[in-house]
Structure formats: C-alpha cells, structure tokens
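**Student:** Mind looking over this structure? Questions follow.
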Amino acid sequence: MPALPPDLRALVLAVSAWAGGLAVLGLPGWSVGVLAVLGVVLVATRRRGGRPVRTLLACLLAACAVGGVTALRVEGDQHGPVARLAEQAAVVTVTGRVTTDPVLRDGRFGSFVLTRLSVSDVVGRGHRYRTGVPVLVVADESWHRVELGSVVTGTGRLAPPDGPDLAGVLSVGRPPRVLHRPGELFAAAARVRAGIRASVADAPPDARALVPALVVGDDRSMSAGVVEDFRTCGLTHLAAVSGTNLTLVVGFLLVLARWAGVRARGLVLVGVLGVAGFVLLARPEPSVLRAAAMGSVALLGLGARGRDTGVRALGVAVLVLLLLDPWLARSVGFALSALATAGILFLGPPFRDALRGWLPRWAAEALAVPFAAQLACTPVVAAISGQVSLVAVVANLVVAVVVGPATVLGLLGGVLVLVVEPAGRACGWLAGLCASWIITVATHLARLPTAVLDWAPGVVPVLVLGLLCVVVGLGAGAVLRRPRWSVALSLLLVVVMLRPLPSPGWPPRGWVLVACDVGQGDGLVLNAGGGAAVVVDTGPDPPAMAACLDRLGVQQLPVVVLTHFHADHVDGLAAVLHGRRVGEVDVTATEDPAYGAADVRRRAAAARVPVRVPAYGEVRRVGQLTWQVVGPVSVASGGEHGEEGSAANNASLVLLVEVHGVRVLMSGDMEPEAQQRLDASLPGLRVDVLKGRTTAAATRTRTCSTGSGPGSPWCRWAGTTTTATRPWRRSRCCAGQGCGSSAPTRTATSRSPSATAGSGSPPGGPGAGELRRDRPRRSGSRRRTSRAGSGAARSWCGRWSSCRSGSR
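This note's numbering numbers the first residue of the sequence shown as 1 and each following residue consecutively.
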C-alpha cells in the first residue's frame, strides 16, 4: 500500500499565520502575497479527508490571531508611555530585566555596550508608569558585566527607535544598579559556558572560538574572516544557535539514555529535559527558542512516521512561536530555520530513497539532508546576500563527520572541566581538533574560483530562483536514481567550482580602473597598457588579489603602491609579487604599524624588489598612466597607532592619476581631518573618480573604461565587495572623454602642487603647478560640477549629467 502524503493542515495554518503577521508589520505586499498563494496551493493539493472551506476558515482565524497579537504589541510599543517619553527625548529612570547578553562594540569615540531591557517601571517628567515594553540600552563598558536575567535600574535619555519591536533607545552614561541577580539555574548555565571556553584554551585561536559557537551559539570571538568563509560555504548554521545544535546535544543525551536502559516515556522525559537544558545553556532568547522548536521538530521527524509527525509539529511550532513572538514573522533567521526544516521533511526522504538504489543508507542520508536543506533556503539566502553558494552541499557533507563529535566533546569538556579539569581539557582539545577541520574545509572551499555565483537580490530574480529551485526539487529524484547522471553532474559541478566561469567581454576593451573583490580593504588596478598595470594596495586576501590580476591578464607591474601598512591594504602583496615582473614598491614614510611595514620590506626583499618612499609632488609616467603624489600633505602628531589607528590612515599616500582622460584621486584611508588638510592644499580640484577610505560598508565593485563604439566611454558596477565608503558622497565614477557624447571633449581644471621629483607633467596640466584648461566643451554637453559640503564631507568632484553608467 503506497504511503499517504503528509497531513498539511497544520502547515497551512502556520503559513496563514505568518502572512497575517507580515501584513500588520507592513512588509512588502508581494511577500504577503507569496505566502497567501502558497497557502492556497497547499489547501488545493491536500488529499486528506475534510472540507476545504473549514480549512480556509481555520487559516483565516490563524492569520487574524497572529495579526491581532502583532498589532497589540506594536500599539503597546509605539504609543505607550515609554514611546511618548522617547518622542520628548526625556531623561528617565527605568527598572527592568536584562533579556539579552550585553554585547561590547567598538565605536569611533570608544567602546560601548548594547543590551535589551524588558522595562517594568519608568519614571520621567514627574510621573511613574508601570509597563512591560522592550528598550534597547546603549551604555558604557560598566554594563558589560551585567548578567542575563538580572533586574537593574539605570538613568539615561530616551530616543525613538528605528523599528516597531522597541519602545525606545536609552542612552546611559552611568553604571547600572543591580537589584536582583539571576537565579541559580542561570548561574549554573553561566559556569558551564565558562567551562566550555576554558576547556578549549589549548586549541588554536580560530578553533577555540568555534567550539563555543558549535555548542551554545556563542560566536562572539570568531574572526571576521572565518565568519565570511562560513557564510560563503553555507555553514553559518553551525556557528549560530540553530536546530542543528539542539539536535546533536539532545540526540547525544537520548543515546546515553537508551544505553542506560531508558525506554518509551522515559526517553520522552529525557528529550524534554534536554531541550530545556539547552535553552537555559544557550540563553532563553528568541533565537534560541526558535532553534529549540525547530530542533524538536527535527527530532520528531526521526521517529516512526517521522515525516507526517514532523510536518504537523513544524506547523504547530511556527504558529505557537509567532503567537509568542510576532517579531519572528520578519526574522530572516526564523525563515531560514523553518525552510531548512521543511526542506528536510519534504525533500529529504525522496532524495534519500532515490540515492539508496546505488548508495548505502548512511551515504544517501548524508547527501540528501544538506541538499534538501540548501535547496529550500537558497532563494532567501540569495535575497539577503546576493549570492548562491555552489559549495554549500559539499561543505556540509565534508564537515558532517566532525560536527557531532566537536559539539558533544565541547559540551562534555565544559562540564568536566568544572569537576576534573584535566579530563575536561582533553575533551576540549579533541573538540578543537574537530573544529580545526571545519575551519580548514571552509577556508579552502571559500577560496575556490567559483565558490559562489552572484545573484541579483531583487524581487523578480529571487522569484525566478525560487521557481528554479522548485523545478530542481521536483526533478532531482529522477536524476539521483541514475548513478551515471548523478556522477556526471557532480563532476561538472566540481569543474565549475575549480575553474572560473568564462566572462565574455572581460576585461572590457579600454578598461581604466578595476577595484578587485578582496573583501574589506583595497585592491585597485590601473591599466598602463600593453599588459602592464599599476596596483594601488593589495587587499587582505592574496588568492583573491591574484585571481583578479590573472583575469585582467596583468603580468607586468612597473610600480606597486601601498598607501599605508594596515593589513587590509598590504597582506595581499605576496600574491602580487609571485610570478609577476614587479619593478618597485612605493610606500608611505610613516611605518605604522611597524610589523606591517617590516612584513612588506621582508616580502619585497625576498622577491628582490626595491622599496622606496616617493617624494611629495613627485610625478611619474608609466605607459598610458600619469600620476602625481599629492599627499599626505602633513601628518598630525596625534591619533591612535596600530592596526586600527588613525595615524597610519592619515599618513596614506595620495595619488592624482590620469589615464585616457579619466582623472582619479586615490586618497588611501585618510580620516576626515586629513581630508580637510588635503582639501585646503588643492583648491578647485575636480576629478572623475574618487576613491575614499575603506569601511565595512558593502558596495559594488566598479570598473571604468574608455571603451569604443556607441555609448563609450562608460563605467559600471560588477560583483559584490566590501570596499570604499566615500566621505565625498557626491562623487561618482564618471566616463571621461565625451562622457556620453560622440566627441571626446570635456572641460576640467586643476591646480597641482609643484613637482619636486620625477619627470613628465602632472595629471592636471602640462607643467607642475600650472592651471590647465582642456579643450572646450561641445555645446549641449552640459556639465554639473560640485564642491560639496564642509568638514568630513567636503570634497572635489565633477560629474556630467550625460554620463552613462550601470546599476549603482
């Protein structure tokens, strides 16, 4: 007798409830419409007994229930007494319970702490109010020692929040007064968390940070590079509080219970206690409760009639969670958890059964589970990241063998280190060994040429990707049943990952400037013609910088310029020097940080490349490139030193470059005060492209070209990168000659400092220090020039309204 399809009624109720919450929260109408259509499809395809009308009425009731709860919560947060005091920017004294672990952040003027309070009492404007609304607290470092669950009181100024899930933002400048500390259960959980960190003290740094993340989702110590590699490889669910963590921990407890002879209802009790203990250990925050619910659904799916039971449990879990915390309706993490669980329940079994025809059961399940989860999550991941990972399934498969041991050994180490410290450290060392393997896999797979594909995050592209995933989900079973097809497609995927995809028309003819995708940092390439180029900074990632130069076909680098010695500008130097003819390396005179400067000199000496400090005003010409050193104008004696210091930023080499009529100001990482000094030294300067200081803001990689043919020259954005955020906000990458007109004419003026070294003419004119006026503009080619702002935003930029550019 063929198996009946799963009962979808609970899942339909959950989808309807989700749509109700989204509608009240004011999310885009298309997102609500997608969920509504999905609910109708589920009702239409349901083959169990019952009347569809009754199901539709129940769906309407669920949507109204979640929508009503959401509306009440929004009303209480935005129109209550705390919200009114926030609108008045009132100074208040609040009493409340700490609901999230305080997080220490680095700011421009020092460190600060973020945490949330559930406010029970507020005094302001001469009145006392009883309430129960959430408030975000921005405080000094004294708040970092406050424990989760403590009842505290503090005084500060309220401000309106950005979203509907908060009643206000409280800025506090004084230490809190702790009225009640958390209970013994919270204290015991804190000791175990500290024990987990202590047990891995002998592991390598990255592994030492990953083990607490695997066990309880404590990812605060993970480096930015590892986090980015995990995101590329689809492994972020391992380092966050997710259903995977709970499934492994509670599954281990159930195995121990069965080994001890516990059966039937005893196992249920062990599972319930395990879930409660996990929530307590990982902190009872919304993300943890979500993970606990989804992990419990996964555990139910492992039992008898697991698929049917799991689908009903998923629907009930989503509905209950939305009623308890309606803000989850717009949580990306909640959506990914629900989709991954649904993918495993619906797609996992048919994929596994298809593979079992020619693979052992364990291998079939190991392949089917990550494939199903990744396929279900791909559209949402693409919508938020603009990327589709090609290595996610492989990465999850390769690390699956050590994820369980790392999690379990980390938990055992955290408990044993409190009792028998050597045994706990031994478990922690083994957990660190497993974590090191996970990091190694993520690091190597993330460096593959085609680890990810860029995908536009717009509505239409994401819907198209969703339809493709549906087609793949429906047809994958037929393909997976055939070993030859499966192996052939797998080999094709491996080839695609190992070899960069062809890029027709890349590099574009007449390209001028390319900003390589090197992560946070700078890796800029200026075309000197004839296969030669000048590199300005090399970024933090040697493989990425090497791949960029290889795709551009650059093998000769007469000059490499390093504006300053921070790691995100010089760590890729090894890739630039390897296998290419490099004439010299130009650096700033300020060797800060000292170890960065020493590393540059060591690498250059090993490659037998001279290092020199160019003089202020020096003019150089390489092929089609001409540039003049126009900064630093002066280096302030103040400022912090080291890897994050402003002193090195302000000492950046500044180049004024001209190539094919396109003028580029490359200002390194100057801070606002240095920008103002440079502004004062170069009055009236106008440029086409401005490269400003690097921050962690994500933008698009920009390519400029003089080109040929209709519509040339042009600029366009391509790929995604973490690159320059310009304090000169009105500057744009603009076409040079002609700027959209057929005649190569434009007008630009500049005044350059006198040259003290080098040869040739500065890019701004035929002689050093002279004012140059180029050929007159063609009538009708309207120019718009601005010298915008003051202070940090003051700059030079020139833009022509007829400039043609790509997506910005």
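Idealized CB from N, CA, C, for every residue including glycine.
Out of curiosity, what's the CA-to-CA distance linking residue 154 and residue 672?
**Tutor:** Going by the C-alpha atoms only, they are around 35 Å apart.
**Student:** So, at 6 Å on beta carbons, what are the nonlocal neighbours of residue 678 in its own chain, with the 5 sequence-adjacent residues on each side left out?
**Tutor:** The answer, listed in chain order, is 631 and 633.
**Student:** Would residue 627 be called buried (16 or more neighbouring beta carbons within 10 Å of its own) or exposed?
**Tutor:** Answer is buried; the Cβ neighbour count reaches 16.
**Student:** Got a sec? Which residues, its chain only, sit under 6 Å from residue 352 by beta carbon, not counting five neighbours each side?
**Tutor:** Result list for residue 352: 364, 365 and 368, in chain order.
**Student:** Under a three-way DSSP split, which group does residue 85 fall into?
**Tutor:** Here residue 85 sits in helix by DSSP.
**Student:** Out of 442, 82, 24 and 424, which one is the CA nearest neighbour of residue 118?
**Tutor:** The shortest Cα separation from residue 118 among 442, 82, 24 and 424 belongs to 82.
**Student:** Given a threshold of 16 other Cβ atoms within 10 Å of its Cβ, counted over all protein chains shown, does residue 495 qualify as buried or as exposed?
**Tutor:** That one is exposed.
**Student:** From residue 215 to residue 415, what distance separates their C-alpha atoms?
**Tutor:** If you take the alpha carbons of residue 215 and residue 415, they lie about 12 Å apart.
**Student:** Compare the Cα-Cα distances from residue 620 to each of 612, 629 and 613 and report the closest residue.
**Tutor:** The shortest Cα separation from residue 620 among 612, 629 and 613 belongs to 629.
**Student:** Here's a check: name, in chain order, each residue in its chain whose Cβ is nearer than 8 Å to the Cβ of residue 93, leaving out the five neighbours to either side.
**Tutor:** The residues are 122, 123, 124, 153, 154 and 155.
**Student:** From residue 344 to residue 388, what distance separates their C-alpha atoms?
**Tutor:** Each residue's Cα considered, the two are about 19 Å apart.
**Student:** Do you know how far the Cα of residue 145 is from the Cα of residue 422?
**Tutor:** Straight-line Cα distance between these residues: approximately 29 Å.
**Student:** Anyone know if the C-beta pair for residue 518 and residue 541 falls short of 8 Å?
**Tutor:** Cβ atoms of residue 518 and residue 541: closer than 8 Å.
**Student:** Leaving out the 5 sequence neighbours to the left and right, which residues in its chain are closer than 7 Å to residue 623 when beta-carbon positions are compared?
**Tutor:** Excluding positions up to five away in sequence, the list reads 528, 529, 530 and 532.
**Student:** Nearest to residue 563 by CA position, among 666, 450 and 610, is which residue?
**Tutor:** When each option's Cα is compared against that of residue 563, the closest is 666.
**Student:** Going straight from the alpha carbon of residue 572 to that of residue 455, what length do you get?
**Tutor:** When rounded, the distance between both Cα atoms is 27 Å.
**Student:** Should residue 260 and residue 279 be called a contact, given that it needs their Cβ atoms to be closer than 8 Å?
**Tutor:** Contact: no.
**Student:** Taking C-alpha atoms, which residue in 329, 395 and 487 lies nearest to residue 18?
**Tutor:** When each option's Cα is compared against that of residue 18, the closest is 329.
**Student:** Whose C-alpha, out of 89, 310, 202 and 97, is nearest the C-alpha of residue 413?
**Tutor:** Of the candidates 89, 310, 202 and 97, the one whose C-alpha sits nearest the C-alpha of residue 413 is 202.
**Student:** Cβ atoms of residue 62 and residue 111: under 8 Å apart, would you say?
**Tutor:** Taking 8 Å as the Cβ cut-off, residue 111 and residue 62 do not qualify as a contacting pair.
**Student:** Closest to residue 473 by C-alpha separation, out of 487, 286, 443 and 348, would be which residue?
**Tutor:** The shortest C-alpha separation from residue 473 is found at 348.
**Student:** Using only alpha-carbon positions, find the residue among 435, 442, 358 and 507 that is nearest to residue 479.
**Tutor:** It is 358.
**Student:** How long is the line joining the alpha carbons of residue 133 and residue 374, rounded to whole angstroms?
**Tutor:** Cα to Cα, residue 133 sits roughly 37 Å from residue 374.
**Student:** For the candidate residues 20, 668, 430 and 288, whose alpha-carbon lies nearest to that of residue 323?
**Tutor:** The shortest C-alpha separation from residue 323 is found at 20.
**Student:** How would you write the range of the alpha helix (DSSP H) that residue 188 sits in, first residue to last?
**Tutor:** Residues 184–199.
**Student:** Output the distance between the C-alpha atoms of residue 312 and residue 10, rounded to the nearest integer angstrom.
**Tutor:** Going from the Cα of residue 312 to the Cα of residue 10 covers about 5 Å.
**Student:** Could you round the C-beta distance between residue 217 and residue 282 to whole angstroms and report it? I think they count as a contact, below 8 Å.
**Tutor:** Right, the Cβ-Cβ distance comes to about 5 Å (below 8 Å), so this counts as a contact.
**Student:** Does residue 121 come out as helix, strand or coil in the three-state DSSP assignment?
**Tutor:** Residue state, collapsed to three classes: strand.
**Student:** If we ignore side chains and look at the alpha-carbon of each, how far apart do residue 752 and residue 682 end up?
**Tutor:** With a pLDDT of 29 at residue 752, under the threshold of 50, the modelled position of that residue is not reliable, and the figure given next carries that caveat. Spanning the two alpha carbons is a distance of roughly 7 Å.
**Student:** Give me whichever residues DSSP pairs with residue 95 in a beta bridge.
**Tutor:** Answer is 121 and 153.
**Student:** What residues in its chain sit with their C-beta under 6 Å from that of residue 6, if we drop five residues either side in the sequence?
**Tutor:** 307, 308 and 311, listed in sequence order.
**Student:** Spell out the partners DSSP gives residue 626 in its beta bridges.
**Tutor:** In the DSSP output, where bridge partners are listed per residue, residue 626 has 621 and 658.
**Student:** Are residue 451 and residue 391 close, meaning C-beta to C-beta below 8 Å?
**Tutor:** Yes, they are a contact pair.
**Student:** By a C-beta neighbour count over all protein chains shown, 10 Å radius and 16 as the cutoff for buried, is residue 64 buried or exposed?
**Tutor:** Looking at its Cβ environment, which holds fewer than 16 other Cβ atoms inside 10 Å, residue 64 is exposed.
**Student:** Hey, how far is the Cα of residue 95 from the Cα of residue 67?
**Tutor:** Distance between the alpha carbons of residue 95 and residue 67: 30 Å.
**Student:** Sort 652, 546 and 610 by Cα distance to residue 565 and report the nearest one.
**Tutor:** Considering only alpha carbons, the answer is 652.
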